[in-house]
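Below you'll find the structure, written out as structure tokens, and then a few comments.
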């Protein structure tokens, strides 16, 4: 009668069990690096995105006017929100600020495999350090998270690039406006073209670069330069301090990844650009090395200017956002997606009027930390046992009127089907985790 | 430069630490009862609420038209969504279905203490059982959650009522239309008046009942009947099977709460009605017994008709929703709100060019499950130590160039300030949790 909206997902318990396990692993990994959880609103003022995130994201915004006449948007990403939060507290926060959170975001996109209108991201950010160690820690966290999820070295790679190498190179190509061969390049558009380069034909890529102001010769030269992955050649070609310093920064980050134990996952890949406008330094994307997951699994990078542009003190920043859908594709491809099975420690089964004793036993088992279900539907033996099986109960405690008359309950191990009677006063008694084997 | 929206909240790490601890306790409690986590969308079709939830909630909806022309709403509550999910899977789901989830909801309300436009709820529901054990388990879960949070018996009470007692009583007052004294009563409006009765003056309450169709004499009589809490008198007054059966159901639920160990938290309170229209049976609200938290902390009840009205098979249901803001007020009042402090197991401090060793030690400690931070900002000894103090590091491992030349690092216990040197090859070595005390 009511349908779910397209691009939105319902997660039933089995699927959610697996998702929760993955999420717990990712968040525990972030926690061990000292990233601290923050909580953030689902709605923000629309203009926060219009100003900073780039037109692509704005086209996809869920925006509306609230009952108070405010132009608001469902948050399409976390970065502007945490930037706002850093600005709001100003100098109160001790640096580096290391934050993590997992929550849904919304974009009105074309729905396809691994892409939904409501998606979940774990965002991990460091604010207040411009040093390469911060970039390296973000990469190390991301690699650790994947490794802890069960992925092996060689199953994923981080393609690492640097926004200011791209920007500096484009600046050099444009010239300083003092020569007749100078051209007018829209750097944002050109970088967006680079971001699309792997997804389009070469000619289309050149057209996009041409639209951004490059001549076709320049577009080919630019493409050759990037695909050479030759940093020295880039520095020489550009001949500017800007490119030299960007290359040096990229090299220092790669050096730091060596010490941080993540260098082996990193590949230099200058065609990696990221779609969002606010990146300033190192950017990277995670890919499935088998290529079976064809798009980037997730990505991140450095955005040193965003907080100042939000009215805060100059605060360098770097982060990564792991999206749920592509991460699931990668895990499934690698056979690392968890089993989707419910777990139940005990089912306490009632036969006849034994609710008081069954409820007491359920309480005692729960107080020992176990997952315990009992009859809520006044059902018979068979259908209770069948339900216990459905929820994968490990042990069934049968509380029957006749057994109780003898002061006993029956403990049944579901895997083997074996069972034995136990004095009701001794169940659970001294046992932290009473099982069939404890009573035979 | 950009401001947060009114009624929305940013949670910084210290506050979030406490919130997460509370949430973990509530969810772990639900988990031990075998409630299974589900994940649900933030947007639904607007008409799902217009049809079923009552006008109050609809006035407060964040609604808009999406880019595909759909009328959508930010979910103001979970119940319609989980009802939709139960209908969608139909007979596939084995009963009883026991679900839990925690997530934000949105209502455009007047912002005040304990009430925000974005708020978080843990929803716990049982679908597929009409038996009193299901109601009792919901109450038992709620009491357990509060007890596990550190509240004591007597610090909170569940005021328990029954919608069909109210409905049946009003039906009896209206008469069957065959007599001149019969009146036309809008039962929904009258029940909403009962829901407001504790918050308004008596005269205003009678006005509301009068607006719903009762005469002023009937309003007073109705009020007297409810406040007497005399179930036998109610049955006698109404003289209908409907009220008799509702009273009998309420008594059976209260009996079940006895076995489920939650009877001592329950008070019969017929003036408790709950605001939402879809309730059909037992309803309850949790109150701070000191009265310091003046409004209901949370509430729940039985809604046996909702799923059928959504086009599903007749599926009785009962649930509770714990809201974050009032729960925090109650916990704070009772001194049970957790300390808001960051915890860090180790800070690995670098002096000079020791990044490779420091990073190796940090990795080794993290792989043992500890929370470990290290320098990301190329800072000196003093400012690193001060940062370690800010994040409450328990142990600082100082990796200095000079110490390293002797093959040693220094282990410093922050609480006492005591420190000792340790061979770098033995740190962490065999130790799962190496501390100062292990090396002296």
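Protein chains in written order, with my numbering: chain Y, 149 to 588; chain A, 149 to 588. No residue lacks a Cβ here, since even glycine has one placed at the ideal position from N, Cα and C.
Query: Contacts that residue 274 of chain Y makes with chain A (C-beta to C-beta distance below 8 Å); Result: 524
Query: Residue 450 of chain Y - containing beta strand (DSSP E), residue span; Result: 446-450
Query: Own chain partners of residue 527 of chain Y with C-beta closer than 8 Å, once the 5 adjacent residues on each side are dropped; Result: 535
Query: Residue span of the beta strand (DSSP E) that contains residue 271 of chain Y, given as start and end; Result: 266-275
Query: Per-residue burial, residue 438 of chain Y [other beta carbons within 10 Å of its own, 16 or more giving buried]; Result: exposed
Query: CB of residue 191 of chain A within 9 Å of CB of residue 222 of chain Y, strictly; Result: yes
Query: Chain A residues whose Cβ lies nearer than 7 Å to that of residue 511 of chain Y; Result: 409
Query: N- and C-terminal bounds of the alpha helix (DSSP H) containing residue 232 of chain Y; Result: 227-237
Query: Environment of residue 251 of chain A [buried if 16+ CB atoms lie within 10 Å]; Result: buried
Query: Cα-Cα separation between residue 505 of chain A and residue 385 of chain Y, rounded to whole angstroms; Result: 37 Å
Query: Distance between residue 173 of chain A and residue 293 of chain A (C-alpha atoms, nearest Å); Result: 7 Å
Query: C-beta neighbour in chain Y for residue 520 of chain A, strict 9 Å; Result: yes
Query: Test item: CB-CB of residue 351 of chain A and residue 280 of chain A under 9 Å; Result: no
Query: Residues that DSSP places opposite residue 526 of chain Y in a beta bridge; Result: In DSSP, residue 526 of chain Y forms no bridge with anything.
Query: The region 472-482 of chain Y touching the region 249-263 of chain Y, judged by at least three CB pairs closer than 8 Å; Result: yes
Query: Residue 456 of chain A, enclosing alpha helix (DSSP H) - first and last residue; Result: 454-457
Query: Alpha-carbon spacing of residue 282 of chain A relative to residue 523 of chain A, whole angstroms; Result: 53 Å
Query: Below-9 Å beta-carbon distance, residue 435 of chain Y vs any chain A residue; Result: no
Query: Validate contact between the region 359-377 of chain Y and the region 446-456 of chain Y using beta carbons, cut 8 Å, 3 pairs; Result: no
Query: Contact with chain A by residue 340 of chain Y, beta-carbon distance below 9 Å; Result: no
Query: Those runs of the alpha helix (DSSP H) which lie wholly inside the region 477-551 of chain A and span at least 4 residues; Result: 503-515 and 529-538
Query: Residue interval of the alpha helix (DSSP H) (run including residue 381 of chain Y); Result: 379-386
Query: Coarse secondary structure for residue 469 of chain Y, derived from DSSP in three states; Result: strand
Query: Stretch pair the region 570-581 of chain A + the region 542-558 of chain A: three plus CB contacts closer than 8 Å; Result: yes
Query: Supposed contact pair residue 257 of chain Y and residue 156 of chain Y - C-beta distance, whole angstroms, cut 8 Å; Result: Wrong, their Cβ atoms sit about 12 Å apart, outside the cutoff.
Query: Residue range of the beta strand (DSSP E) that includes residue 306 of chain Y; Result: 304-310
Query: Cβ contact (3+ pairs, closer than 8 Å) linking the region 155-169 of chain Y and the region 171-187 of chain A; Result: yes
Query: Short Cβ contact (9 Å threshold) for residue 310 of chain A with residue 430 of chain A; Result: yes
Query: Residue 161 of chain A at chain Y interface by Cβ criterion, 9 Å; Result: yes
Query: Residues within the region 535-567 of chain A neighbouring chain Y, beta-carbon criterion of under 7 Å; Result: 535, 538 and 539
Query: Buried or exposed (CB count within 10 angstroms, at least 16 for buried), residue 487 of chain A; Result: exposed
Query: Within 9 Å of chain A by C-beta, residues of the region 456-482 of chain Y in sequence order; Result: 457, 458, 459 and 460
Query: Closer than 9 Å at the beta carbon, the chain Y residues around residue 298 of chain A; Result: The premise fails here: residue 298 of chain A is roughly 15 Å from chain Y at the closest Cβ pair, so nothing lies under 9 Å.
Query: According to DSSP, residues forming a beta bridge with residue 567 of chain A; Result: A:560
Query: Span of the alpha helix (DSSP H), counted from its first residue to its last, around residue 399 of chain Y; Result: 389-407
Query: Where residue 329 of chain A falls, given that 16 or more other Cβ within 10 Å makes a residue buried; Result: exposed
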